[in-house]
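Residues -24 to -1, 1 to 116 (mature numbering (1 follows the signal peptide of the UniProt record, and there is no 0)) are what the sequence shown spells out, left to right. For every residue, glycine included, the Cβ atom is placed at its ideal position computed from N, Cα and C. All values reported here derive from a predicted model rather than from experimental measurement.
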Amino acid sequence: MIARPVSAALLALSLLVSSSVASAADKVSQVPVHFAKGQSATTLNGSFKGYDTVEYLLTAKAGQVLSVKVSGSSNANFNVFPPADYVLPDPQQLALPLEGDDTRSARLPADGVYRIQMYQPRASARRGAVVKYSLKIEVR
């Protein structure tokens, strides 16, 4: 009778290990964002493939307005996450309403490092699609 619980435990452990190995293969690149002296905006070009993601790290202050515009591949999507020690009521990412020219903007709720995460939809990620994009970031 001990064999069944042990088998179930081994199966659960093997599933846990195999899922962590699969996700460990996904590359997460982190890129610090800096503005040229006297500037409040920058445009960054990049690409990623499959389930890989690129995270742009931007230091900003509460009350500033962050604007983000992505162009290029229609598979280029993004999330904006607040500083690690700030808890949003819900959801866990900032909602950036769409403005007239495909730019999304929001007033920032806290001081700290914001994370702009570039990713693609699961369907194209499964195919290993390469996503090329241009990311314009402005803080005012």
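If I measure Cβ to Cβ from residue i and keep anything under 6 Å in the same chain, skipping five residues before and after, which residues do I get?
i: Y32; result: V7, V9, I92
i: G26; result: A101, G104
i: R116; result: S16, V41
Please list, in chain order, all residues of the same chain as residue i whose beta carbon is under 7 Å from its beta carbon, the five residues on each side excluded.
i: K108; result: S23, G48, S49
i: S100; result: N51
So what's residue i in DSSP terms, helix, strand or just coil?
i: S23; result: strand
i: P50; result: Checking the sequence shown, residue 50 turns out to be Ser, not Pro. Correct three-state label for S50: coil.
i: A17; result: strand
Classify residue i: buried if its beta carbon has 16 or more other beta carbons within 10 angstroms, exposed otherwise.
i: P58; result: buried
i: L34; result: buried
i: A12; result: exposed
i: V4; result: exposed
i: A36; result: buried
i: V56; result: buried
Going by the DSSP bridge assignment, what does residue i pair with across the sheet?
i: Y90; result: L34
i: Q6; result: E31
i: L42; result: A82, V115
i: F57; result: R91
i: V63; result: Beta-bridge pairing links V63 to no other residue.
So, for residue i: in the same chain, excluding its five sequence neighbours on each side, which residues have a beta-carbon less than 8 Å away from its beta-carbon?
i: D77; result: K45
i: M94; result: G22, F24, T29, V30, E31, Y32, V46, A52, N53, F54, V107, Y109, L111
i: P73; result: R80, S81, A82
i: Y62; result: P85, A86, G88
i: E75; result: S43, S81
For the beta strand (DSSP E) holding residue i, just list the boundary residues, first then last.
i: S81; result: 79 to 83
Grab the span of the alpha helix (DSSP H) containing residue i for me, first residue to last.
i: A99; result: 98 to 102
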